[in-house]
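**Student:**
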Amino acid sequence: MKKLCVWAVAALLMAACTPKAEKATDSGLLQSNFRTEVDGKKTDLYILRNKNNMEVCITNFGGRIVSVMVPDKDGQMRDVVLGFDSIQDYISKPSDFGASIGRYANRINQGKFTLDGVEYQLPRNNYGHCLHGGPQGFQYRVYDAVQLNPQELQLTYVAKDGEEGFPGNITCKVLMKLTDDNAIDIQYEAETDKPTIVNMTNHSYFNLDGDAGSNAEHLLTIDADYYTPVDSTFMTTGEIVPVEDTPMDFRTPMPVGERINDFDFVQLKNGNGYDHNWVLNAKGDINRRAASLKSQKTGIVLDVYTNEPGVQVYAGNFLDGSLTGKKGITYNQRASVCLETQKYPDTPNKPEWPSAVLRPGEKYMSQCIFKFSVDK
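Read in order, the letters of the sequence shown correspond to residues 25 to 400 in my numbering.
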């Protein structure tokens, strides 16, 4: 009997010392796969959840939204953004998936701009232009993260004067709030000690089917009468032209794939599909819907609101099947739609467009709301 007791105690001790299996998020992610150090700063995965059991997972590496679980028309929870299962994938497979882009989202012509008589040269990382703040923009930096409560995450990044060629030490904050009406409310703030430019956005790749298949049947609506054309290097020409009677007209819902390959229309040829800025009719009214995306398969609807003047719509034209994302899914061409609220591209070189200049004593403030619902 004594022998039996000794064995029982030993078994209990072994069980107590055995680590419990890590519980995955609803989207199947393990926090341990996001814990490492990059440039001496710790990375992690943060989980937001609201009263409806909607879940949003975010890593502070690049301030990236990694997964978004929302209910479809049948009540089934689906992950509606593209991304990776681990921090190592984000590091080794350069992408903009889900990132908080900065210091300047979109393109700056030839990487040059002049501010207060001083010309600045930025890295030229895309067809001779500076794209998304350069090859080491904010999407490849580690933000300092503080989870304020189960539904709010605050991210902070301090960019030094001269980083990627931009002037000024600038402190940028990104507040991500998951509201109880199933919206991700993203608020950006920035302050600088020297005149500079700033234009931040979120670069989530949405697929509302939840399976990262083709975006062709997604219904897209954009409340915009005008857009800004681009040349063959994806640079805005400086024109603002009507969408009427063109494949750029999404004032009423239209399947993304309906006209996307109409390369007889030079803008679709230049953009290899949709990769353009639309001039929003809302003109900064955060209460007016700027754009909407709907899956005809799942009934999931994404409405976008912003105080910014434009939205860049990118239809995943350069996804090519070379990236394998979450759950081993291959991301083929046009597996998503990005809705990037922002100032117009190359605004620093087009003074007649809404300014991106930030000066000492001023505060940059930008807001984007991604609101999810279901149309049964």
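Here a beta-carbon is modelled for each residue, glycine too, at the ideal position from N, C-alpha and C.
Thinking C-alpha only, which one of 51, 102, 121, 73 is nearest residue 85?
**Tutor:** Comparing Cα positions, the closest option is 121.
**Student:** Does the ligand FMN have even one heavy atom less than 8 angstroms from the beta-carbon of residue 65?
**Tutor:** Ligands are entirely absent from the displayed structure, and the ligand FMN is therefore not among its contents.
**Student:** Indicate the three-state DSSP secondary structure (helix, strand or coil) for residue 352 in the structure shown.
**Tutor:** In this structure, residue 352 counts as helix in the three-state DSSP scheme.
**Student:** State the Cα-Cα distance for the pair residue 110 and residue 103, rounded to the nearest angstrom.
**Tutor:** Residue 110 and residue 103: Cα-Cα distance of roughly 16 angstroms.
**Student:** For residue 371, name the three-state secondary structure that DSSP assigns.
**Tutor:** Helix.
**Student:** Mind checking who residue 302 pairs with in its DSSP beta bridge?
**Tutor:** 251, 335.
**Student:** For residue 263, count the other beta carbons within 10 Å of its own beta carbon; 16 or more makes it buried, fewer makes it exposed. Which is it?
**Tutor:** Looking at its Cβ environment, which holds fewer than 16 other Cβ atoms inside 10 Å, residue 263 is exposed.
**Student:** Can you tell me the Cα-Cα spacing of residue 26 and residue 89, whole angstroms?
**Tutor:** Its pLDDT being 46, under 50, residue 26 is placed unreliably by the model, and the measurement read from it follows with that caveat. So the alpha carbons of these two residues sit roughly 57 angstroms apart.
**Student:** Considering only residues of the region 99-172, which uninterrupted beta strand (DSSP E) runs meet the minimum length of 3 residues and lie entirely inside it, listed in chain order?
**Tutor:** With a minimum length of 3 residues, the continuous beta strand (DSSP E) runs that stay inside the region 99-172 are 101-103, 123-125, 136-139, 142-145.
**Student:** State the CB to CB distance for the pair residue 167 and residue 180, rounded to an integer number of angstroms; the pair is presumed to be in contact (CB under 8 angstroms).
**Tutor:** About 6 angstroms separates the two Cβ atoms, so the contact holds.
**Student:** Check the DSSP bridge columns for residue 65 and list the partner residues they point to.
**Tutor:** 62, per the DSSP bridge assignment.
**Student:** In the DSSP assignment, the alpha helix (DSSP H) including residue 293 goes from what residue to what residue?
**Tutor:** Here the alpha helix (DSSP H) through residue 293 covers 290-295.
**Student:** Going by alpha carbons, who is nearest to residue 5 out of 357, 242, 291?
**Tutor:** Here the chain covers residues 25 to 400 and nothing more, so residue 5 does not appear.
**Student:** Examine chain C for any beta-carbon lying closer than 9 angstroms to the beta-carbon of residue 189, and answer yes or no.
**Tutor:** The structure shown contains no chain C, having only a single protein chain.
**Student:** Contact between the region 206-219 and the region 240-247 is defined here as three or more beta-carbon pairs at a separation below 8 angstroms; is this criterion met?
**Tutor:** Verdict: no, contact absent.
**Student:** Excluding the five sequence neighbours on either side, which residues of its own chain have a C-beta within less than 8 angstroms of the C-beta of residue 345, listed in chain order?
**Tutor:** For residue 345, where only same-chain residues beyond five positions count, the Cβ hits under 8 angstroms are 354, 355, 356, 357.
**Student:** Name, in chain order, the residues that DSSP records as bridge partners for residue 226.
**Tutor:** For residue 226, which the question treats as bridged, DSSP gives the partners 124.
**Student:** Assuming residue 271 and residue 261 make a contact with CB atoms under 8 angstroms, what is their CB distance in whole Å?
**Tutor:** That pair is no contact at about 17 angstroms.
**Student:** Helix, strand or coil: how does DSSP classify residue 55 here?
**Tutor:** Of the three classes helix, strand and coil, the one that applies to residue 55 here is helix, per DSSP.
**Student:** Based on Cα-Cα distance, which residue from 373, 325, 72, 390 lies nearest to residue 141?
**Tutor:** The shortest Cα separation from residue 141 among 373, 325, 72, 390 belongs to 373.
**Student:** Helix, strand or coil, according to DSSP, for residue 46 in the structure here?
**Tutor:** DSSP places residue 46 in coil when its eight states are reduced to three.
**Student:** Hey, is the region 363-377 in contact with the region 331-347, meaning 3+ C-beta pairs nearer than 8 angstroms?
**Tutor:** Touching, yes, given that three or more Cβ pairs across the two stretches are closer than 8 angstroms.
**Student:** How close, in whole Å, do the beta carbons of residue 361 and residue 303 come, if the pair is a contact with beta carbons under 8 angstroms?
**Tutor:** So it is not a contact: roughly 19 angstroms between Cβ atoms.
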